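Residue numbers for the first sequence follow this note's numbering, beginning at 4 and rising by one.
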Amino acid sequence: MEYNFRDIEKKWQQTWKDTNAYRVSNKRDKPKYYVLDMFPYPSGAGLHVGHPLGYIASDIFARYKRLKGFNVLHPMGYDAFGLPAEQYAIDHGIHPAVSTHANIINFRTQLDNIGFCFDWEREVRTSDPGYYKWTQWIFLQLFKSFLNRQTGKATPITELVATFEKEGNKNHPFPNDKFRVEAGSESLATFTADQWNSFNEFTRESILMEYRLAYCGYGEVNWCEALGTVLANDEVINGVSERGGYPVVRKKLRQWYLRITEYADRLLDGLQQVDFSDAMKEMQTNWIGKSSGAEIDFAIKGHDRKLRVYTTRPDTIFGVDFMVIAPELDWIGEVRSDEQAAEVDDYIAYVKSRSERERMAEKKISGVFTGAYAINPFDGREIPVWISEYVLAGYGTGAIMAVPCGDERDFRFAKHFNIPITNIIGSHFNGEDANPTKDAILENSGFLNGLNMREAMEVAIKAIEEKGIGTRKVNYKMRDAAFSRQRYWGEPFPIRWENGIAYPLDESQLPLQLPEVESYKPGPEGEGPLANIPEWTAQHLETNTMPGYAGSSWYFLRYMDPHNEKEFCNREVSDYWGQVDLYIGGTEHAVGHLLYSRMWTKVLYDLGYIGHEEPYKKLVNQGMIQGSSRFVYRLTGTNQFVSKGLLDSEGKYGLQSTDAIRVDVNFVDGVELDMSAFKTWRNNEYANAEFILEDGKYICGMEVEKMSKSKFNTVNPDDLVHRYGADTFRMYEMFLGPVEMSKPWDTKGIEGVHRFLKKLWRLFFDEIKGAIWTNEKATDAELKVLHNTIRRIDADTERFSFNTGVSGFMIAVNELSDLKCNKKEILEKLLVLMTPYAPHIAEELWKQLGNTGSILDASYPVFEEKYVVESAKEYPISVNGKVRTTMSISLDADQAQVEEIVLGNDVVQKWLEGKGPKKIIYVKNKMINVVV
RNA sequence: GCCCGGGUGGCGAAAUCGGUAGACGCAGCAGACUCAAAAUCUGCCGCCGCGAGGUGUGUCGGUUCGAGUCCGACCCCGGGCACCA
């Protein structure tokens, strides 16, 4: 009987489906374990071999935990809203719901092939009204709440209103400290109860909007007039649209935001409670970008307006040689001099065409002097005010004081524009490079002279505050999250506008369903497509939709209780499942999804809807599987293709140049091209190709790059499952390398894993003799192999080292084959160990051995030390750190015994060359080193 | 530019706490079985060298009896940078 994986896998997949083997109950009779994969977007391109990597890892872990006695929640669903479906709708007129549905069916078929243990009864789709009803509901909770800074918790805004009615906002200052209420002729930062009570509804609502956790404001977007639409950053290249190459400018639009900045400190603190990699914590910490320093007002010569800067180094205030302000600040026109006006306006126009990313990535120094001068409040020095794209309006005050002797970027700017540099740190500054030290003694610094910079920091802030020209200030690089898109395919906001006031819909009106549209084209003035629907606008409904991350910010909660029509998730159920114990996904979500979902969880926790405030206990980041592209080389201007080995290092064939052309990796075996397949490729595009071969073969070139359809280097898991089976595919994906690491795909290597499974099979079945397993008693050697394997697989699985786990199985099977071990006692336990990795073959052989229950719930073998103890070790013996020989020495040996044995060795004596040893280093169970 | 990660044979990798570098597999080479092929099995397989031996984990330097692993500087590649998801 041979290993017929196709029949076996089909049979067990059907059986597991029929018996609901993967149904998970919310009954609290076992300890729980929640394993989650990052929410996939069901793309039209289908799965390539890179996608299932994380799913296989989580599937192995889920199955492993189940065998260890846990009730394991391992769900899957779809982040089904998104731009690609909408773009497809614009291009082909197909409704996004239709194309998305088709993609999901395809996705599901592909996933099913691989044999995952998902409980599909819990599937969710963000675009399903039954799901987005609750996304809208949570949005309303955000809208109706504010962060009470006194308690640090999200709180219903009705409580804030009650407080305002009693005492105004003296204890609850505006989260945005630049905001002022316009009341009559006054601009108020604080108001009294009387004032509040006298405000009209519009003013009150405008004030409340400043506190809400989901709020409406204005923000800049990439606006493309020609396409009439807002573009994502990566759709803008060098100031023009990727599609069509039309000009793109920054434009202010009304937008919804999440006040995530109010949670900045808690998002930072929470990182201490979660098991994320240090790199991940660092990325989130840097993204939040907490810094402390001061805001300082500088007078501008000849103007009433003050220039307010934020600095983390108030101690360097006497080293300020120029100011740089963001080109988009609207008052530049007021202060620039007439001589500089044209230059300033040109520069502002240039910057407007640049995306933020381009501005930050720009190596070339650029900027323009405004003609204005700020006055140093301590020594009266006149400081030229420049504008430059490297200062962004959104961070701090959008203006910096530049200290070239202490800051590298300021230094290069000063050098580039010949601005004289003041040295306030004496010998710490060499005139060649800036020195950002905090340990210098200050010079040329007025009242700070002679102070260490660290002390001076406090002294300077105090002086600034006393003078009334600034305040101590904590700043965050993180900005409030833009939460609206001018698109169709997203959740509608449950918001109605009347006279400029946003009213929430009643919860009974949810879900607010996405209406049908005639066209997916944007509405007037950059509004979303919903603005084109008369029935929609007649009700004054919000025309923006929510962004992709709305639905994915809470989906892990819905999986717990997916069919609940009364609540987003029952509290008792969420208390049982609690945090996601293991979350697997890519680092590309490091600062987006992970921060947003952490914030939502904290809000729901504050409002008492769930009992935990960090969604993910442990996070494992999976690496990318890269594509390995193949190239053929065509002699320029001909249809002749030259085999790779015949080209010189510059890609030339003799004197003739060649063009490298990517070819579909699926008809290249290793590096050898299937020439007839190539000729029929792309509708016989290369039908007339002629080949110049080496050794009768056409050898392709290769290069590692991102796996993508356009590079013809995608490999479809379906093909591999068909050829080798799901078990082989699963194990091979794991065998490629550590889950966390990126690595290129190589289809050839899968043969090795397939051979291993066939070899496992042959421990049970012989081609001629049939079943060969026996009930004989296992030998010590066999038990040793088994128990070493148990220990190894356990440790490897626990630390997510699935690649070494697979090697562990290979070693076990190799050793058992060498021992000719066909004993049920050993093999049966090996099968249970393998179940998480290769469930189909494990179940088949388990049943063949005569077991009745499913191996999915078998009892997990227990490691016993006594089977693996050793009495001696083969020690490496080094002389001066170089290994010269090995010797088997008892593990009980002490230092004196070891010295005697080692010095008696001929090889050691030879290397001692008659000299006596200075020292003998003996590390038990490790090594021995003789120092001469 | 800024932040994070990674560089080990021809290739994917292993080395879990500073202790035998290259486990396991792919590819390759030699052989067995076979009319032949596939499948399977056996052996070899970092580089230089006939060998003794030397050398080797991106580069340069350091710490240590001992460094892939720790420290410093640099080079290259990948991911993210706020409207792709």
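By construction, the Cβ of each residue, glycine as well, lies at the ideal position given by its N, Cα and C atoms.
Being a predicted model, the structure only gives us computed values, none of them experimental.
Quick check: the Cα distance between residue i and residue j, rounded to an integer number of angstroms?
i      : j      : result
LEU793 : PRO864 : In the sequence on display, residue 793 carries Ile and not Leu. Whole-angstrom Cα-Cα distance: 7 Å.
ASN567 : GLU617 : 23 Å
ARG360 : TYR479 : 19 Å
ILE291 : ASN241 : 28 Å
LYS712 : ASN854 : 46 Å
GLU846 : LEU585 : 26 Å
ALA692 : PHE644 : 7 Å
MET481 : ASP272 : 15 Å
ASP730 : ARG111 : 18 Å
THR264 : ASP40  : 27 Å
ASN426 : ILE628 : 51 Å
ASP677 : TYR701 : 8 Å
LEU332 : GLY401 : 7 Å
ILE892 : GLY884 : 19 Å
VAL38  : LYS621 : 10 Å
ALA841 : ASN687 : 40 Å
PRO407 : MET326 : 11 Å
VAL905 : ILE880 : 8 Å
ILE428 : ILE386 : 19 Å
VAL788 : ASN116 : 33 Å
Taking residue i as part of the beta strand (DSSP E), name the residues at either end of that continuous run.
i      : result
TYR37  : 35 to 40
GLU185 : 184 to 186
GLY704 : 704 to 708
THR288 : Element bounds for THR288: not the beta strand (DSSP E) but the alpha helix (DSSP H), 281 to 291.
TYR221 : 217 to 227
TYR506 : 504 to 507
MET563 : Careful: MET563 lies outside any beta strand (DSSP E) and carries neither H nor E.
ARG665 : 659 to 666
Exposed or buried, which one is residue i when buried takes at least 16 other CB atoms within 10 Å?
i      : result
LEU830 : buried
ILE753 : buried
PHE121 : buried
GLN582 : buried
GLN3   : Nothing about residue 3 can be reported from this structure: the residues present for the chain run from 4 to 935 only.
ASN174 : exposed
ASN433 : exposed
PHE205 : exposed
ASN106 : buried
ALA267 : buried
ILE775 : exposed
GLU392 : buried
LYS938 : For the chain, the structure presents residues 4 to 935; residue 938 sits outside this window and is missing.
If contacts are defined as beta-carbon pairs under 8 Å, then residue i and residue j qualify, I think. What distance do you get, rounded to the angstrom?
i      : j      : result
PHE301 : ALA417 : Going by Cβ atoms, the distance from PHE301 to ALA417 rounds to 18 Å, so no, they are not a contact pair.
VAL127 : GLY80  : 4 Å
GLY118 : GLU223 : Not a contact, Cβ separation roughly 48 Å.
SER130 : PHE84  : 5 Å
PHE194 : ASN172 : 6 Å
GLU213 : LYS476 : No, GLU213 and LYS476 are not in contact; Cβ-Cβ is about 19 Å, not under 8 Å.
Locate the alpha helix (DSSP H) running through residue i, then write down its first and last residues.
i      : result
THR138 : 132 to 146
ASP62  : 55 to 70
ARG574 : 574 to 580
SER631 : Counting along the chain, SER631 falls outside any alpha helix (DSSP H), though it belongs to the beta strand (DSSP E) covering 628 to 638.
MET837 : 827 to 837
ILE335 : 335 to 338
ASP730 : 729 to 738
GLY374 : Looking at the DSSP string, GLY374 is not in any alpha helix (DSSP H); the run it does join, the beta strand (DSSP E), is 371 to 378.
SER600 : 596 to 609
THR18  : 8 to 21
Pull the bridge partners of residue i from the DSSP assignment, please.
i      : result
ILE923 : VAL933
ASN624 : GLY588
MET460 : Paired residue(s): none; MET460 is not in a bridge.
ALA548 : Residue identity check: residue 548 is Thr in the sequence provided, not Ala. According to DSSP, which records beta bridges pairwise, THR548 is partnered with ARG488 and PRO495.
LYS700 : GLU697
ILE299 : VAL312 and GLY473
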